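Each remark here refers to the structure printed beneath this line.
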Amino acid sequence: MLKFEHVSKKYKGGKTAVSNLNLEFKKGEFIVFIGPSGCGKTTTMKMINRLIEPTEGKIFINDEDIMEKDPVKLRREIGYVIQQIGLFPHMTIQENISLVLKLLKWPEEKRKKRAEELLSLVDMTPDYLERYPHELSGGQQQRIGVLRALAADQPLILMDEPFGALDPITRDALQDEFKNLQKKLDKTIVFVTHDMDEALKLADRIVILRDGQLVQCGTPDEILREPADEFVEEFIGKERLVQAKPNITTVEQIMNAHPVTITSDEQLSNAITVMKTNRVDSLLVIDQEGVLEGYIDVEAIDQNRKKAKDVADILIPDTFSVYKDALVRDTIRQILKKGLKYVPVVDEKRHLVGIVTRTSLVDIVYDSIWGDEELERAQ
Amino acid sequence: MDVFSDLITYFTNNGSYVWEQFFRHFLMSAYGVLFAAIVGIPVGILIARYSRLSSVVLSLANVIQTIPALAMLAVLMLVMGLGTNTVVFALFLYSLLPIIKNTYTGIRNVDHTLIESGKAMGMTKWQILRMVEIPLSLSVIMAGLRTALVITIGIATIGTFIGAGGLGDIIMRGTNAQDGTAIILAGAIPTAFMAVIADVLMGWLERSLMPVKKKKQDSNEQEEVTA
Ligand SMILES: Nc1ncnc2c1ncn2[C@@H]1O[C@H](COP(=O)(O)OP(=O)(O)OP(=O)(O)O)[C@@H](O)[C@H]1O
Ligand SMILES: [Mg+2]
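Structural data, given as C-alpha cells:
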C-alpha cells in the first residue's frame, strides 16, 4: 500500500536528512519508525503527505506516485498527527476535531456527532467539545490531536510522536486502546517514536533509522532476536534483549545437540548398556536415517525383559516432540503443562537434532536473572 | 475659572456646530483608516508571503510616515486641490504604515506549526489564510487600525488649512480670536476625547479578537496594573 523507492531528502543547507530509503508496507500494517533525535523520522513522514518533497526517488500509495497527485487531495486522504500537536487556539475542541470534515464539506450536524463519538473513544466527556485548547491539559490536547487525525476515517494515518506528552499510565492505556482501534478499523499506520517500549508494543514492523539511513526493518521479534548491528543492540538496550530472550530464542539455540539415542534394531541388552554408561533412564529411538521413532525407558525394559529382544519390541511411539524453530517460550509452556521431563527436538523431516530437558530450562531462567550481570562482568 | 465658564458658554451657544465638526472630523479619520485598511491589509498579507517585497514596501511606508503633515497637505493640495478629499487621502497615507506593518507582523508571527497543521489536513492556501492566518493575527491587525485611527484623529485637525473643516476649524478660530483660549479648548478637548474613546473602543475590540481569549485577557489586566 505504501512504498518508498530510493527516496532521499537533502535540505537546502546541504544537510542530507534521509538517504536512499527503500521500504514497502502492506495495508493494515502498524509501522513504527524509531531512531535517535534528528535521524530523519519526521522528514520521512512528511514526505508521505508532501509537506516535504523528496529530492530523489519516488513514493507510492496504492501504486500511485504521490507526486502525480494533487497535494491538497492527497493530504485529505491521509490523517496526520503533527509532532507539536498543533491544535488551533481560536477554535473549540469540536471545531478542531471536525475541521477536516468541514474541509470535506460534511454537514454541521454530522460533524458534531462524529466529534462526540470520537471524544468518547478517549474517555473524555462531551462538555469538552465547547472548550478551547488552552483549557485542556497537555495530555488531553495530545489526545485531541490524535482524534483529529482519525476524524475522517482515512485508511492511512501518520503519527509523529503522538503520545510524547503523556504520563506513563495514560500513555499505556492509550497505546492499548489505539492498537485495538487500529486492528479493528484495519488502518495502515505510520508511527514515529523514540521510545523502544512503545515501538515493541505497537509495531507490526519496526523501521530503525540512523542518520537518515535505514539500519533495520523487521517485526519486533526479528529485531529482538537478531539486532542488525551494535547500534540497534544499544538502542534496544541490553536489559530488554535479555528479558526478551525466552520470548524470542528458538529451541535450537538452547537444546542439547547430543541426545542419547539408540536405533530401533538394536538389542535390549545394548540399550541397557547405553543407559548405564550415560546415566539416563530413557533413550530416544531413531531409525537408520536418524528419524525419530519414539522412546524406551527403563520401566518398559524391566517389565518386558523376558519376552522382548529388540528395542523395536518395546518402543513407545508417537513421542511428543518440538520443531527446532519453535520458540522456547512455547516449549517451556508445553513442558510444564504436560509435566514432561524432556522434549526431543526434530527438523522438518523429523530427524532428531537435539533434546530440551528441564535442566536446559534452568539455564534460561539463570540467564534472565543473572545473565545481565555476567555480561557486564565479562566486559 | 473664567476659561471654564467661557468654554461652557461656547458649547451651549455653538453645540450643533461643534457636534457637526466633531462628526466631520471623525468621518475624515475613519475614511482615511478604512481606505488604508482596504489597501494595507492585503499588502501586508502579500509581503508576509513574499518576504523579499517586505523591506521595500515597509521602508516606503516609513518614508511617507516621516513627511511632516503640513508639508504633505501642501503637496497634495497642489495635485488634488482644496477640500476634504485631499485630507482623507493624506490620512490614508499616514494610516498605511501601522496597518501594513501590523498585518505583516501578525501574519508572520502565526505559529508555523499551526500552518503546517492546516496544510497537512488538506487546506488550500486560501483556506489557510482564511481559517488560520487571519483569525490568528486579527487582534494584531486591529492594533494597527487602532494606532492608525489615533494618529489620523490627531492629524485631521490640520485639515482646516485646506478648508476641509473638522475640529481643527474651531481651534483655528480660537487662535484668530482675541483671548480665544476657551475656543481653542472647545476644539482641542473634543479632539482628545475622540482619540481616547477611539483608543479604548478599538482596544476593547482588539482584545475580544484575541485567539486565546482568557489567557491573554489575564495578561492584559496585568499589564494595565503595572502600567
Ligand atoms: N527545514 C529544514 N532545513 C534544514 N535541515 C532540516 C530541516 N528540517 C530538519 N532538518 C534536519 O534534518 C535532520 C532530520 O530531521 P527530522 O526532523 O526528520 O528528525 P527527527 O528524526 O524527526 O528528530 P526528532 O526525534 O528530534 O523529532 C536533522 O538533522 C535536522 O536538523
Ligand atoms: Mg521529529
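Going down the list, the protein sequences come from chains A and B. Just so you know, our numbering puts 1005 at position 53 of the first sequence, and the rest follows in order with no gaps. Just so you know, our numbering puts 56 at position 28 of the second sequence, and the rest follows in order with no gaps. In this text, a Cβ means the ideal position worked out from N, Cα and C, and glycines have one as well. Note that the structure is predicted; figures quoted are calculated from it, not measured.
- Interface annotation for the segment 1040-1068 of chain A against chain B: Phe1040, Pro1041, His1042, Met1043, Leu1051, Val1052, Lys1054, Leu1055 and Leu1056, criterion Cβ-Cβ distance under 9 angstroms.
- Look at aspartate 1262/A here: in three-state DSSP terms it is strand.
- Sequence-distant partners of valine 178/B (beyond 5 residues in either direction) whose C-beta falls short of 7 angstroms from its own C-beta, in its chain, are Ala223, Ala226 and Asp227.
- The C-alpha of phenylalanine 1143/A lies about 14 angstroms from the C-alpha of glutamine 1036/A.
- Against valine 1024/A, the close residues of chain B are Gly150 and Thr152, in the order they occur along the chain (beta-carbon pairs closer than 7 angstroms).
- Contact with chain B is found for glutamine 1036/A, since one of that chain's Cβ atoms lies less than 9 angstroms from the residue's Cβ.
- Across the segment 58-84 of chain B, no CB contact with chain A closer than 8 angstroms is found for any residue.
- Cβ atoms of alanine 1209/A and valine 1308/A stay farther apart than 8 angstroms, at about 11 angstroms.
- One thing to note: alanine 1151/A has its Cβ no nearer than 9 angstroms to the Cβ of isoleucine 1000/A.
- Within the chosen limit of 8 angstroms, ligand 1 reaches the beta carbon of valine 1144/A through at least one heavy atom.
- Taking C-beta separations shorter than 6 angstroms and ignoring five residues to either side along the sequence, the partners of lysine 961/A in its chain run Ala969, Val970, Thr995, Pro1006 and Thr1007, following chain order.
- In terms of side-chain proximity, the C-beta atom of glutamate 1113/A is found nearer than 8 angstroms to a non-hydrogen atom of ligand 1.
- Within chain B, the residues Glu144, Lys147 and Ala148 have their CB atoms less than 9 angstroms from the CB of leucine 1003/A, given in chain order.
- According to DSSP, residue pairing for valine 1243/A in a beta bridge involves His1303/A.
- In the three-state scheme derived from DSSP, where H, G and I count as helix and E and B as strand, arginine 1162/A is classed as strand.
- Close to arginine 1028/A, with beta-carbon spacing below 8 angstroms, are these residues of chain B in chain order: Met149 and Gly150.
- Under the 9 angstroms criterion on CB atoms, arginine 1100/A is classed as interfacial with respect to chain B.
- Using a 10 angstroms sphere on the CB of histidine 1042/A, the tally of other CB atoms reaches 16 or more, which defines it as buried.
- Interface flag for leucine 164/B against chain A is set, since a Cβ pair is found closer than 9 angstroms.
- Straight across, the Cα-Cα distance linking threonine 1225/A with glutamine 1195/A is about 42 angstroms.
- Residues of chain A whose Cβ lies closer than 9 angstroms to the Cβ of threonine 37/B do not exist, since the nearest Cβ in that chain is about 52 angstroms away.
- With contacts defined by Cβ atoms closer than 9 angstroms, alanine 1155/A and proline 1172/A form a contacting pair.
- By the neighbour-count criterion, in which 16 or more other beta carbons inside 10 Å mark a residue as buried, asparagine 137/B falls on the exposed side.
- A straight-line Cα-Cα distance of about 45 angstroms links threonine 203/B and leucine 81/B.
- In this structure, ligand 1 has no non-hydrogen atom nearer than 8 angstroms to the beta-carbon of tyrosine 1318/A.
- Non-local beta-carbon contacts of aspartate 1262/A in its own chain, meaning distances under 8 angstroms to residues more than five positions away in sequence, involve Ser1216, Asp1217, Glu1218, Gln1219 and Leu1220 in chain order.
- Isoleucine 66/B counts as exposed, since fewer than 16 other C-beta atoms from the protein chains shown sit within 10 angstroms of its C-beta.
- With contacts defined by Cβ atoms closer than 9 angstroms, glycine 72/B and isoleucine 127/B form a contacting pair.
- In this structure asparagine 1230/A is in contact with valine 1212/A, their Cβ atoms being roughly 5 angstroms apart against a cut-off of 8 angstroms.
- Straight across, the Cα-Cα distance linking histidine 958/A with leucine 973/A is about 5 angstroms.
- In terms of CA proximity to valine 1232/A, Tyr1247/A leads the group Met1111/A, Leu1081/A, Tyr1247/A and Asp1128/A.
- Within chain A, no C-beta atom comes nearer than 7 angstroms to that of valine 46/B; the closest sits roughly 42 angstroms away.
- Put simply, the CB of tyrosine 1275/A is far from chain B, with every gap to its CB atoms at 9 angstroms or more.
- Beyond the five residues adjoining it in sequence on each side, proline 988/A comes within less than 8 angstroms, by CB distance, of His1146, Arg1162 and Phe1187 in the same chain, given in chain order.
- Within 8 angstroms of the C-beta of proline 988/A there is at least one heavy atom belonging to ligand 1.
- Within the segment 962-984 of chain A, no residue has a Cβ lying closer than 9 angstroms to any Cβ of chain B.
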